[in-house]
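Going down the list, the sequences are from chains A and B.
This note's numbering puts the first residue of the first sequence at 6, with every later residue one more than the last.
This note's numbering puts the first residue of the second sequence at 6, with every later residue one more than the last.
Worksheet: one structure, shown below.
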Amino acid sequence: MQPEEFQNIFKSLDREIRKVIVGHDDVIKKVLIAFFAGGHVLLEGVPGLGKTLLVKSLSQALGITFKRIQFTPDLMPSDIVGTEVLTERNGHREFQFKQGPIFAHVVLADEINRATPKTQSAVLEAMEERQVTVFGESHRLESPFMVLATQNPVELEGTYPLPEAQLDRFLFKLMVLPPSPGELREILKRTTGTASGRIGTVLPANGLGLLDEMHQLLRQVLIAPPIEEYVVRLVHATQPGAQNGSPVKSGIRQYIRFGSSPRGAQAVILGAKGNALAEGRVHVSYEDIEDVVYQALRHRIILNFQAEAENVTADQIIAEILKQVPRT
Amino acid sequence: MRSSPVQRVVSSPEALIERVYRRLWRHVAGDWALAFGPLALAAGYLVMAWYRAPSAVAAVGALVGAGLALLAMVIVASRARPRPLSIRSVARLIDQTIDACDRFLTLATIDSARSAEGMLARLREEAGALARRLDLRRDFPYRIKRSCFWSVTAAAIALAVFYLVTAVGRGDVISPADLPHALEEMAEKLARRPSLAGLAGELESLAARLQEPHFTAAEKQQLIAEMRTKIEQRQQEQPGADQKLLSEAASALKGLEGESGQEQQQKRAGGGGLQSSLPERGQGQEQPGEGGSRSETDAQMNPELQNGGEARSEPDPMSRKSNQRASGTETKQDGREPSAKDQGQELKGKGESGVEEPRGPSKSEGKGRAAEKPEGTPPPERFLKPGEEGKASLKGAGYITVQLPEELVNDGKSQGGGTREGKPSRARPSGSISNVPLPAHVPDAPSEKQNLPLEYRGIIR
Numbered sequence: 006m007q008p009e010e011f012q013n014i015f016k017s018l019d020r021e022i023r024k025v026i027v028g029h030d031d032v033i034k035k036v037l038i039a040f041f042a043g044g045h046v047l048l049e050g051v052p053g054l055g056k057t058l059l060v061k062s063l064s065q066a067l068g069i070t071f072k073r074i075q076f077t078p079d080l081m082p083s084d085i086v087g088t089e090v091l092t093e094r095n096g097h098r099e100f101q102f103k104q105g106p107i108f109a110h111v112v113l114a115d116e117i118n119r120a121t122p123k124t125q126s127a128v129l130e131a132m133e134e135r136q137v138t139v140f141g142e143s144h145r146l147e148s149p150f151m152v153l154a155t156q157n158p159v160e161l162e163g164t165y166p167l168p169e170a171q172l173d174r175f176l177f178k179l180m181v182l183p184p185s186p187g188e189l190r191e192i193l194k195r196t197t198g199t200a201s202g203r204i205g206t207v208l209p210a211n212g213l214g215l216l217d218e219m220h221q222l223l224r225q226v227l228i229a230p231p232i233e234e235y236v237v238r239l240v241h242a243t244q245p246g247a248q249n250g251s252p253v254k255s256g257i258r259q260y261i262r263f264g265s266s267p268r269g270a271q272a273v274i275l276g277a278k279g280n281a282l283a284e285g286r287v288h289v290s291y292e293d294i295e296d297v298v299y300q301a302l303r304h305r306i307i308l309n310f311q312a313e314a315e316n317v318t319a320d321q322i323i324a325e326i327l328k329q330v331p332r333t
Numbered sequence: 006m007r008s009s010p011v012q013r014v015v016s017s018p019e020a021l022i023e024r025v026y027r028r029l030w031r032h033v034a035g036d037w038a039l040a041f042g043p044l045a046l047a048a049g050y051l052v053m054a055w056y057r058a059p060s061a062v063a064a065v066g067a068l069v070g071a072g073l074a075l076l077a078m079v080i081v082a083s084r085a086r087p088r089p090l091s092i093r094s095v096a097r098l099i100d101q102t103i104d105a106c107d108r109f110l111t112l113a114t115i116d117s118a119r120s121a122e123g124m125l126a127r128l129r130e131e132a133g134a135l136a137r138r139l140d141l142r143r144d145f146p147y148r149i150k151r152s153c154f155w156s157v158t159a160a161a162i163a164l165a166v167f168y169l170v171t172a173v174g175r176g177d178v179i180s181p182a183d184l185p186h187a188l189e190e191m192a193e194k195l196a197r198r199p200s201l202a203g204l205a206g207e208l209e210s211l212a213a214r215l216q217e218p219h220f221t222a223a224e225k226q227q228l229i230a231e232m233r234t235k236i237e238q239r240q241q242e243q244p245g246a247d248q249k250l251l252s253e254a255a256s257a258l259k260g261l262e263g264e265s266g267q268e269q270q271q272k273r274a275g276g277g278g279l280q281s282s283l284p285e286r287g288q289g290q291e292q293p294g295e296g297g298s299r300s301e302t303d304a305q306m307n308p309e310l311q312n313g314g315e316a317r318s319e320p321d322p323m324s325r326k327s328n329q330r331a332s333g334t335e336t337k338q339d340g341r342e343p344s345a346k347d348q349g350q351e352l353k354g355k356g357e358s359g360v361e362e363p364r365g366p367s368k369s370e371g372k373g374r375a376a377e378k379p380e381g382t383p384p385p386e387r388f389l390k391p392g393e394e395g396k397a398s399l400k401g402a403g404y405i406t407v408q409l410p411e412e413l414v415n416d417g418k419s420q421g422g423g424t425r426e427g428k429p430s431r432a433r434p435s436g437s438i439s440n441v442p443l444p445a446h447v448p449d450a451p452s453e454k455q456n457l458p459l460e461y462r463g464i465i466r
């Protein structure tokens with residue numbers, strides 16, 4: 006596959022999704038990048054902003070299977086991964102594995118923070134290992150596989166915030182913001198009239214193989230060692246205990262409880278590669294890094310109580326780190 | 006389509022990076038040369054000047070200048086830190102220059118063995134296309150840095166300080182040799198005004214007099230002071246348009262007077278090269294290491310003595326007088342005429358009638374100076390005791406030295422002794438000064454004592 010091909014497919018997908026989603030340009034782009042990078046996305050936003058619609062549109066445009074799981078406190082792990090059921094075939098009774106909704110190319114874990122940690126952790130293995138184990142038997146998930154989880158920043162009573170280990174499994178955390186007045190007018194026009202946007206499938210019939218190629222192409226994107234070093238410095242700067250060689254002032258670190266894991270650096274580089282390909286380039290630039298660093302690191306930087314008390318957000322911390330860490 | 010200069014020369018983006026790298030290195034070398042070259046040259050010149058400094062002041066000036074240059078070098082080195090140059094930084098610079106979005110940086114730094122060939126080829130192709138935008142002369146021109154200007158300025162300041170200190174130390178003031186010239190210039194200025202022509206003439210005559218060799222520094226100073234007084238009087242008498250010119254002349258004369266006095270003081274303070282062990286002002290005791298005595302100063306100022314091949318000092322007239330009193334004999338002074346100062350001092354000792362008042366021998370006067378015999382030379386007849394036989398079988402030969410007034414000596418030499426305008430500079434006696442007849446030589450006659458009239462004692466010794 007050629008980079009131009011990748012770029013064309015990417016643009017087509019973006020165009021199709023925009024037929025039903027108004028605004029959220031960056032969210033759409035980053036969701037697509039995460040998809041081709043083989044990562045998962047955590048979408049955070051108040052209800053009614055089109056999160057679920059976005060995920061549905063993506064799967065429709067890609068022409069791949071899509072499942073939605075509404076996470077509730079009484080949701081069990083087996084409801085997600087599936088379970089063994091006793092079936093009778095040719096006079097014989099046997100246990101047969103019945104796949105759960107996790108067995109899809111794109112899984113929407115709606116309001117993932119409403120499920121218990123036990124259920125949430127059921128998704129962990131699926132996200133990282135791309136397999137599930139039921140009654141001691143592992144079941145491989147189909148490729149491509151992507152979990153898009155949503156969570157509501159309000160109505161936090163009765164919710165179970167995702168643990169850091171689980172948060173770390175998401176490539177990006179995207180903030181879905183309320184639409185601007187112009188976007189809201191457009192939303193009203195599209196949704197309250199008779200006309201409804203229909204999403205066409207971008208990928209051909211043998212699209213899965215093409216998606217595989219696209220995954221491979223993204224990983225082949227060139228990245229210069231100085232840019233890799235820059236990423237390392239950025240991620241290292243998020244560590245509260247990092248002192249040696251870090252140009253970041255200690256004033257920032259006083260708000261950080263835990264810094265980014267190595268997965269954060271991986272996420273930055275993979276996201277940057279996807280960003281470069283989406284723009285028709287075969288190499289990563291500094292701008293690509295800075296374009297994805299917020300989405301890749303914001304959920305990996307765990308702030309302390311002081312930061313919460315002073316309303317300091319992870320994005321502010323990242324912005325300050327970007328200011329203080331030089332490119333060369 | 007016309008290819009750009011870079012395209013013609015550079016075959017690949019990597020080669021372009023290498024070429025720009027070499028070019029920027031030359032720029033850095035040029036910057037360093039321009040930043041430190043002038044200062045280093047100035048410092049080197051000043052060190053050489055210090056090494057060959059003719060005087061202490063010049064050496065100090067050279068050292069101060071060299072120190073300033075070195076200090077400026079340190080400042081330039083600390084302030085003008087050049088950007089560290091590497092292939093990576095050059096590639097990044099190219100990226101920024103032609104907006105290549107880190108393509109050249111990636112090409113310059115990536116490990117091609119571990120990269121996808123297709124991607125690398127595509128990147129090289131993209132970079133090559135972008136390289137056509139690059140014009141090395143336009144995009145990487147050599148600009149002289151501000152530090153170079155600072156360096157040149159600092160070097161100029163260091164050299165200026167050196168020359169200033171040297172000039173001040175040398176006393177870029179009028180040297181004694183230039184005094185007459187300065188006076189002539191001043192006279193020319195005054196002569197432009199008809200009302201001041203007289204003063205101009207006097208200034209010229211003063212200049213001519215100062216060139217005469219027999220004037221001592223003190224006398225010159227006195228003459229200048231007299232002239233200055235005249236000008237100041239004229240200034241008071243004649244206020245008006247000439248006031249400015251007169252005040253200029255007066256102040257210039259004041260300056261000249263001061264310089265002449267300073268020079269005299271310097272020589273007294275031991276500035277001269279000659280050391281004399283002779284007693285000063287007839288005190289009859291030696292003062293070694295005191296530097297030049299007054300008589301030595303006179304000897305230095307007198308060109309005749311300087312050119313005479315024997316720059317020796319002689320005792321003061323006062324000591325001579327006292328020696329005469331002590332020994333009752335006169336000393337021959339090897340043809341050296343007494344200076345006007347000596348004469349003046351002698352005259353001071355006289356009363357208004359010109360008769361020298363008798364003085365008792367003081368403690369300091371004439372402690373056997375005249376009675377001492379010069380060592381290593383045959384004893385002249387003047388040292389013969391009565392009864393001893395000298396040359397030509399002269400027994401107890403004694404003689405007197407007639408020292409004529411200076412004016413007469415000069416007149417005899419210069420046939421008239423007038424100034425440039427032909428005017429007599431001093432009143433001169435019309436008749437002969439001495440009319441004392443020497444007695445006829447009688448071989449066996451006892452030594453004769455001649456009583457001299459009192460009025461001649463001052464001029465006949």
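We put the CB at the ideal spot given by N, CA and C, even for glycine.
Predicted, not measured: the structure shown is a model, and the values here were computed from it.
Q. Any chance the stretch 281–299 of chain A sits against the stretch 184–203 of chain A, with 3 or more Cβ pairs inside 8 Å?
A. They do not touch, by the three-pair rule.
Q. Between the C-alpha atoms of Phe108(A) and Lys72(A), what's the straight-line distance to the nearest angstrom?
A. Locating residue 108(A) in the first sequence gives position 103, counting from the first residue. Locating residue 72(A) in the first sequence gives position 67, counting from the first residue. Cα to Cα, Phe108(A) sits roughly 8 Å from Lys72(A).
Q.
At the level of alpha carbons, what is the spacing between Asp100(B) and Arg93(B)?
A. Numbered from its first residue, the second sequence carries residue 100(B) at position 95. Numbered from its first residue, the second sequence carries residue 93(B) at position 88. Cα atoms of Asp100(B) and Arg93(B): separation of roughly 11 Å, rounded to the nearest angstrom.
**Q.** Length of the line joining the Cα atoms of Arg108(B) and Lys103(A)
**A.** Sequence index remark: in the second sequence, residue 108(B) carries index 103 (1-based). Sequence index remark: in the first sequence, residue 103(A) carries index 98 (1-based). Taking the Cα positions, Arg108(B) is about 51 Å away from Lys103(A).
Q | Run of the beta strand (DSSP E) containing Val207(A), from where it starts to where it stops | A | Reading the first sequence from its first residue, position 202 is the one you call residue 207(A). First-last for Val207(A): undefined, no H or E at that position.
(Q) For a test of the three-state rule: what should DSSP assign to Val273(A), helix, strand or coil? (A) Taking the first residue of the first sequence as position 1, residue 273(A) is located at position 268. Val273(A) falls in the helix class under three-state DSSP.
Q) Any C-beta of chain B sitting closer than 8 Å to the C-beta of Leu327(A)? A) For the purposes of this step, residue 327(A) is taken as residue 322 along the first sequence, with counting starting at 1. Closer than 8 Å: no.
Q) Interface residues of chain B around Leu227(A) at Cβ under 8 Å? A) Reading the first sequence from its first residue, position 222 is the one you call residue 227(A). Residues of chain B whose Cβ lies closer than 8 Å to the Cβ of Leu227(A) are, in chain order, Thr111, Ile115, Ser120, Ala121, Met124, Leu125 and Leu128.
Q | Residue of Ala63(B), Ser152(B) and Lys194(B) minimising C-alpha distance to Gly170(B) | A | In the second sequence, residue 170(B) corresponds to position 165, counting from 1. Before going on, a small fix: residue 170(B) reads as Val here, not Gly. Comparing Cα-Cα distances from Val170(B) to each of Ala63(B), Ser152(B) and Lys194(B), the minimum goes to Ala63(B).
Q: Please work out which residues of its chain come closer than 7 Å, Cβ to Cβ, to Glu218(A), disregarding the five sequence neighbours upstream and downstream, and give them in chain order.
A: By one-based count along the first sequence, residue 218(A) stands at place 213. If we look at Glu218(A) and ignore the five residues flanking it on each side, its Cβ neighbours are Met6.
Q. Rounded to whole angstroms, how far is the Cβ of Ile117(A) from the Cβ of Phe76(A), which I believe are closer than 8 Å?
A. On the first sequence, residue 117(A) is found 112 positions in, with the first residue counted as 1. On the first sequence, residue 76(A) is found 71 positions in, with the first residue counted as 1. Contact flag correct, Cβ pair sits at about 5 Å.
Q.
Comparing C-alpha positions only, which one of Leu112(B), Arg197(B), Ala230(B) and Ala172(B) sits nearest to Ala58(B)?
A. Along the second sequence, one-based indexing puts residue 58(B) at 53. When only C-alpha atoms are compared, the closest one is Ala172(B).
**Q.** Cα-Cα separation between Ala134(B) and Gln156(A), rounded to whole angstroms
**A.** If you number the second sequence from 1, residue 134(B) lands on position 129. If you number the first sequence from 1, residue 156(A) lands on position 151. So the alpha carbons of these two residues sit roughly 47 Å apart.
Q: Kindly say whether Asp107(B), judged by its beta-carbon, lies nearer than 8 Å to any beta-carbon of chain A.
A: Position 102 of the second sequence, counted from the start, is the residue given in the question as residue 107(B). Yes, Asp107(B) lies at the interface with chain A (some Cβ there is under 8 Å from its Cβ).
Q: Find the residues of chain B that neighbour Val287(A), judging by a C-beta separation of less than 7 Å, and give them in chain order.
A: Here residue 287(A) refers to the residue found at position 282 when the first sequence is read from its first residue. Here the neighbours are Met124, Arg127 and Leu128.
(Q) Please tell me whether Ala176(A) and Gly44(A) are closer than 8 Å, where the distance is taken between their beta carbons. (A) Here residue 176(A) refers to the residue found at position 171 of the first sequence. Here residue 44(A) refers to the residue found at position 39 of the first sequence. At residue 176(A) the sequence reads Leu, which differs from the Ala that was named. Gly44(A) sits close to Leu176(A), with the two beta carbons spaced by under 8 Å.
Q) Per DSSP, what kind of secondary structure is Asp107(B) in: helix, strand or coil? A) Start at 1 with the first residue of the second sequence, and residue 107(B) comes out as number 102. Asp107(B): coil per DSSP, three-state reduction.
**Q.** Asn13(A) versus Ser143(A): straight-line alpha-carbon distance, rounded
**A.** Locating residue 13(A) in the first sequence gives position 8, where the first residue counts as 1. Locating residue 143(A) in the first sequence gives position 138, where the first residue counts as 1. Straight-line Cα distance between these residues: approximately 37 Å.
(Q) Quick check on Arg97(B) - is its C-beta less than 8 Å from some C-beta in chain A? (A) For the purposes of this step, residue 97(B) is taken as the residue at position 92 of the second sequence. Closer than 8 Å: yes.
Q. What does Arg93(B) touch in chain A if you count any residue whose Cβ is under 7 Å from its own?
A. Taking the second sequence and counting its residues from 1, the one referred to as residue 93(B) is at position 88. Going along chain A in sequence order, the residues near Arg93(B) (Cβ under 7 Å) are Pro231.
(Q) Given a cut-off of 8 Å on the beta-carbon distance, is the pair Gln311(A) and Gln259(A) in contact? (A) Taking the first residue of the first sequence as 1, we reach residue 311(A) at position 306. Taking the first residue of the first sequence as 1, we reach residue 259(A) at position 254. For the 8 Å CB-CB criterion, Gln311(A) and Gln259(A) form a contact.
Q | 8 Å Cβ shell around Leu90(B) - same chain, five flanking residues per side excluded | A | As a working mapping, residue 90(B) is identified with position 85 in the second sequence. Excluding residues within five positions, the ones whose Cβ falls inside 8 Å are Tyr26, Leu29, Trp30 and Val33.
Q. When the distance is taken between beta carbons, is Ile22(B) closer than 8 Å to Ala118(B)?
A. Translated into positions along the second sequence, residue 118(B) becomes position 113. Translated into positions along the second sequence, residue 22(B) becomes position 17. The answer is no: Cβ separation not under 8 Å.
Q: Determine, using beta-carbon pairs with one atom in the stretch 120–134 of chain A and one in the stretch 15–28 of chain A, whether at least three such pairs fall under 8 Å.
A: Short answer: they don't touch.
Q) Below 8 Å between beta carbons: does that hold for Ala67(B) and Phe167(B)? A) Position 62 of the second sequence, counted from the start, is the residue given in the question as residue 67(B). Position 162 of the second sequence, counted from the start, is the residue given in the question as residue 167(B). Cβ distance < 8 Å, so Ala67(B) and Phe167(B) count as in contact.
Q | Within chain B, partners of Thr333(A) - CB distance below 8 Å | A | One-based indexing of the first sequence puts residue 333(A) at position 328. Within chain B, the residues near Thr333(A) are Arg93, Ser94 and Arg97.
Q: Can you give me the start and stop residues for the alpha helix (DSSP H) that Ser17(A) sits inside?
A: The count along the first sequence starts at 1 and reaches residue 17(A) at position 12. Ser17(A) -> alpha helix (DSSP H) spans Pro8 to Arg23.
(Q) Please tell me whether Tyr299(A) has its Cβ less than 8 Å away from any Cβ of chain B. (A) As a working note, residue 299(A) is residue 294 in the first sequence. By this cut-off, Tyr299(A) is not an interface position.
Q. Quick one: what's got a C-beta closer than 8 Å to Thr124(A)'s C-beta in the same chain, skipping five residues either side?
A. Indexing the first sequence from 1 puts residue 124(A) at position 119. Within the same chain, Phe76, Leu80, Met81, Pro82, Asp84 and Ile85 come within 8 Å of Thr124(A) by CB-CB distance, once the 5 residues on both sides are set aside.
Q) Would you call the stretch 159–172 of chain A and the stretch 231–245 of chain A in contact, with 3 or more CB pairs under 8 Å? A) They do not touch, by the three-pair rule.
Q) Does the count of Cβ pairs from the stretch 176–188 of chain A and the stretch 52–66 of chain A closer than 8 Å reach three? A) Three or more pairs of CB atoms, one per stretch, sit closer than 8 Å, so the stretch 176–188 of chain A contacts the stretch 52–66 of chain A.
Q) Can you name the residues of chain B whose CB is closer than 7 Å to the CB of Tyr235(A)? A) The residue you call residue 235(A) lines up with position 230 of the first sequence. By Cβ distance, chain B contributes nothing, its closest Cβ being about 11 Å from Tyr235(A), past 7 Å.
Q. Going along chain B in order, which residues have a C-beta closer than 7 Å to the C-beta of Tyr291(A)?
A. For the purposes of this step, residue 291(A) is taken as the residue at position 286 of the first sequence. For Tyr291(A), the chain B residues whose Cβ falls inside 7 Å of its Cβ are Asp107, in order along the chain.
**Q.** Unbroken alpha helix (DSSP H) run spanning Val139(A), endpoints
**A.** What you label residue 139(A) is simply residue 134 of the first sequence in a count that begins at 1. Here Val139(A) belongs to no alpha helix (DSSP H); instead the beta strand (DSSP E) covers Gln136 to Val139.
Q.
Please tell me whether Pro8(A) has its Cβ less than 8 Å away from any Cβ of chain B.
A. For the purposes of this step, residue 8(A) is taken as residue 3 along the first sequence, with counting starting at 1. Interface annotation, Pro8(A): in contact with chain B, CB-CB separation under 8 Å.
Q: Helix, strand or coil for Ala213(B), going by three-state DSSP, please let me know.
A: Along the second sequence, read from residue 1 onward, the residue named residue 213(B) stands at position 208. Assignment of Ala213(B) by DSSP, reduced to helix, strand and coil, places it in the helix class.
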